[in-house]
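To keep things clear, I will list the structure first and then write my remarks on it.
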């Protein structure tokens, strides 16, 4: 039975994907052969940066990077009035204390780290935040009060209110300073039981006189919940991943970061929680596949799809369950984007980057068709369109 998944996907190729290889044990692997491994040199050669070579790589509006932290635009950004402004991406542990890495949606400062303060929700007693950690996707908060260390997990994470103080909206001494309170609440336990991904509601409010209104983070996202990716930092511009034990990345559910985890593409073995380099490679490939970033490795960081586009998917190792069976192949994916692309089967021909292009001479940066259609050392995930692309708006 095919599993239809929605990505932020019939053509006429009529070509068939080879069935998934059998699995062996908790960590699924190929039974052998030169194409079962991963291209370690490809991963080693990736440089993670948020610097934009085109000047149009912001994650909001029609920016190149939409689809990573949320499905579209600035839906993962804290509001200032009616404007999406501060976009939290990761908790970072520094020698000077816990920080929150925040992207300015308007690009005024890029990505900036701000200190995280805390107090108890029950009586507003100040506490010192030691850590925000993730056991796979499960959130853990650690703090110290009166010399005693405390650890909160599960429903108890709501017992602490985190705070960001005096975040500047712009340059200069006269710029407005904004402060926020944040509070996590466990959500959607039924879905967690199904896919192993812990989800949380993140409520936040601007700290100013008379304001007692809490807003829900990811409000423009269909599920309005967040989850966590520990030990890895994901570039909000390219989707490239950097291992960093000091970091816990946070994303909205409909973005690639969390959706790929829910699809079963975790960088760790689900049975043990231990990092697996093959699973990590497939996870990084999914980050690009879900958001149709075909040419990110060619310097084009754009997402070539629209929100709520349905796609089929399958991988070489059978990590995701179930595996889709489909004939019209769109692309084969690596952490650098599409290894090959059948342009007739692209999931959303009306996506903004395709507009104005000659259908008979599309700009594909040298990425050729998928022929033969088989996994390679670089490509581990196939995608295909669910709906006839010509019928989509």
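Residue numbers (full-length UniProt numbering): 1 to 393. Where a beta carbon is used, it is the ideal one built from N, C-alpha and C, also for glycine. For clarity, every value in this text was computed on a predicted model and none was experimentally measured.
Endpoints, alpha helix (DSSP H) assigned at residue 282: If you number the chain shown from 1, residue 282 lands on position 282. Looking at the DSSP string, the run of the alpha helix (DSSP H) that includes residue 282 is 277–290.
Cβ contact check for the region 333–343 and the region 279–296: 3 or more pairs under 8 Å: As far as the Cβ criterion goes, the region 333–343 touches the region 279–296, which means the pair count is three or higher.
Segment contact flag, the region 376–386 with the region 322–336, C-beta cutoff 8 Å, min 3 pairs: Output reads yes: the region 322–336 touches the region 376–386.
Contact belief for residue 100 with residue 257 at Cβ below 8 Å, rounded distance in angstroms: To locate residue 100, count along the chain shown from 1; it is residue 100. To locate residue 257, count along the chain shown from 1; it is residue 257. Contact doesn't hold; Cβ gap of about 16 Å is too wide.
Neighbourhood of residue 216 by C-beta, 7 Å cutoff - its chain only, sequence neighbours within 5 removed: Taking the first residue of the chain shown as 1, we reach residue 216 at position 216. Here the set comprises 201, 203, 224.
C-alpha gap between residue 354 and residue 385, whole angstroms: By 1-based counting over the chain shown, the position of residue 354 is 354. By 1-based counting over the chain shown, the position of residue 385 is 385. Going from the Cα of residue 354 to the Cα of residue 385 covers about 16 Å.
Range covered by the alpha helix (DSSP H) that runs through residue 192: Stepping through the chain shown from its first residue, residue 192 is reached at position 192. It spans 189–195 - the alpha helix (DSSP H) in which residue 192 sits, taken as one unbroken run.
Cut-off 7 Å between Cβ atoms - residues of its own chain near residue 393, not counting five sequence neighbours on either side: Within the chain shown, the letter at position 393 stands for residue 393. Apart from sequence neighbours up to five positions away, the residues of its chain that approach residue 393 with a beta-carbon distance below 7 Å are 350, ordered along the chain.
Residues bridged to residue 198 [DSSP beta-bridge criterion]: As a first step, residue 198 must be located in the chain shown, where it is residue number 198. Its beta-bridge partners do not exist; DSSP assigns none.
Residue 234 - DSSP class collapsed to helix/strand/coil: Mapped onto the chain shown, residue 234 falls at position 234. Assigned with DSSP and collapsed to three states, residue 234 falls in strand.
Bridge partners - residue 77, DSSP secondary structure assignment: Sequence index remark: in the chain shown, residue 77 carries index 77 (1-based). According to DSSP, residue 77 bridges with nothing at all.
One or two residues paired with residue 93 in a DSSP bridge: Position 93 of the chain shown, counted from the start, is the residue given in the question as residue 93. Bridge partners of residue 93: 98.
Chain-order list of residues whose beta-carbon lies under 8 Å from that of residue 183 (same chain, five-residue window excluded): Locating residue 183 in the chain shown gives position 183, where the first residue counts as 1. Taken in chain order, the residues that qualify are 121, 158, 160, 161, 162, 202, 203, 204, 214.
Spatially closest choice to residue 197 from 259, 318, 179, by CA coordinates: Translated into the one-based positions of the chain shown, residue 197 becomes position 197. A check of alpha carbon separations from residue 197 across 259, 318, 179 identifies 259 as the nearest.
Residue 369 versus residue 167 - alpha carbon distance: Start at 1 with the first residue of the chain shown, and residue 369 comes out as number 369. Start at 1 with the first residue of the chain shown, and residue 167 comes out as number 167. About 48 Å.
7 Å CB neighbourhood of residue 243 in its chain, flanking five on each side removed: The residue given as residue 243 occupies position 243 in the chain shown. Annotation for residue 243: 231, 232 place their beta carbon closer than 7 Å to its own, counting only its chain and skipping 5 residues before and after.
Euclidean distance between Cα positions of residue 359 and residue 135: Counting from 1 along the chain shown, the entry for residue 359 is found at position 359. Counting from 1 along the chain shown, the entry for residue 135 is found at position 135. CA-to-CA, the gap between residue 359 and residue 135 works out to about 47 Å.
Simplified DSSP state of residue 110, which is helix, strand or coil: What you label residue 110 is simply residue 110 of the chain shown in a count that begins at 1. In the structure shown, residue 110 adopts coil according to DSSP, grouped into three states.
Burial state of residue 362, where buried means 16 or more other Cβ atoms lie within 10 Å: Against the chain shown, residue 362 aligns to sequence position 362. Counting the other Cβ atoms within 10 Å of the Cβ of residue 362 gives fewer than 16, which makes it exposed.
Helix, strand or coil at residue 56 according to DSSP, with G and I counted as helix: On the chain shown, residue 56 is found 56 positions in, with the first residue counted as 1. Annotation note: pLDDT 47 at residue 56 (below 50); position unreliable, coordinate value reported separately. In the three-state scheme derived from DSSP, where H, G and I count as helix and E and B as strand, residue 56 is classed as coil.
Candidates 187, 228, 342, of which the one nearest residue 371 by Cα: Indexing the chain shown from 1 puts residue 371 at position 371. Of all alpha-carbon atoms in 187, 228, 342, the one lying nearest the alpha-carbon of residue 371 is that of 342.
Residue burial classification, residue 94 (beta-carbon count within 10 angstroms, cutoff 16): For this step, residue 94 is matched to residue 94 along the chain shown. Burial call: exposed.
Within 7 Å, strictly: CB atoms of residue 70 and residue 252: Translated into positions along the chain shown, residue 70 becomes position 70. Translated into positions along the chain shown, residue 252 becomes position 252. For residue 70 and residue 252, yes; Cβs fall inside 7 Å.
Continuous alpha helix (DSSP H) assignments of at least 4 residues falling wholly in the region 242–276: The region 242–276 contains these whole alpha helix (DSSP H) runs: 256–262.
Beta-carbon proximity of residue 246 to residue 234, cut-off 7 Å: Reading the chain shown from its first residue, position 246 is the one you call residue 246. Reading the chain shown from its first residue, position 234 is the one you call residue 234. No; because the gap between Cβ atoms is not below 7 Å, this pair is not in contact.
DSSP-derived helix/strand/coil call for residue 105: To locate residue 105, count along the chain shown from 1; it is residue 105. Looking at residue 105 - three-state DSSP - the assignment turns out to be coil, as it is neither helix nor strand.
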